[in-house]
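In structure tokens:
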């Protein structure tokens, strides 16, 4: 499996662990699974652990993903999402900006404890 979607014990967020470089099609796959699990358990917070999984899409495709494809899978605009990145990985910067401009609440972190604390504060 190239990703794992779960709810950590005792937590109120969906954890998405990604194990290979990210393209739009792959992101739609794990994004859809995350949305389904969130809906099933009435959770609106998501932690995307993309350490070791750089974004390899072009800027243009990232834009289309944020503005067209993500809404098509009905990923909720009310979601609170944190990206957990490798130190120095700037491959997710544009998609973060595009998500924010498309109306999604998202923040990137390099420390898991900080990402979880941020999710808890929202």
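Numbering (the working numbering), first residue to last: 1012 to 1133. Yeah, the Cβ is synthetic: ideal placement off N, Cα and C, and Gly gets one too. Every value quoted in this text rests on a predicted model; they were computed, and no experiment measured them.
(message) Alpha carbons only, please: which of 1025, 1033, 1116 is nearest the one belonging to residue 1100?
(response) For the purposes of this step, residue 1100 is taken as the residue at position 89 of the chain shown. With distances taken between Cα atoms, residue 1100 lies closest to 1033.
(message) Taking the alpha carbon of residue 1041 as the reference point, which residue from 1075, 1084, 1063, 1023 has its own alpha carbon closest?
(response) For this step, residue 1041 is matched to residue 30 along the chain shown. Here the closest residue by C-alpha is 1084.
(request) Could you say if the segment 1056 to 1072 and the segment 1090 to 1100 meet the contact criterion of at least three C-beta pairs nearer than 8 Å? (result) yes
(message) Between the alpha carbons of residue 1029 and residue 1123, how many angstroms are there, rounded?
(response) As a working mapping, residue 1029 is identified with position 18 in the chain shown. As a working mapping, residue 1123 is identified with position 112 in the chain shown. When rounded, the distance between both Cα atoms is 14 Å.
(request) Give every residue of the same chain whose Cβ lies closer than 6 Å to the Cβ of residue 1081, excluding the five residues on either side of it in the sequence, and list them in chain order. (result) Counting from 1 along the chain shown, the entry for residue 1081 is found at position 70. Result list for residue 1081: empty, nothing under 6 Å.
(message) Does chain B have any CB closer than 9 Å to the CB of residue 1074?
(response) The chain labelled as chain B is not found in the depicted structure, where only one protein chain is given.
(request) List the endpoints of the continuous alpha helix (DSSP H) containing residue 1056. (result) Start at 1 with the first residue of the chain shown, and residue 1056 comes out as number 45. Careful: residue 1056 lies outside any alpha helix (DSSP H), inside the beta strand (DSSP E) at 1056 to 1060.
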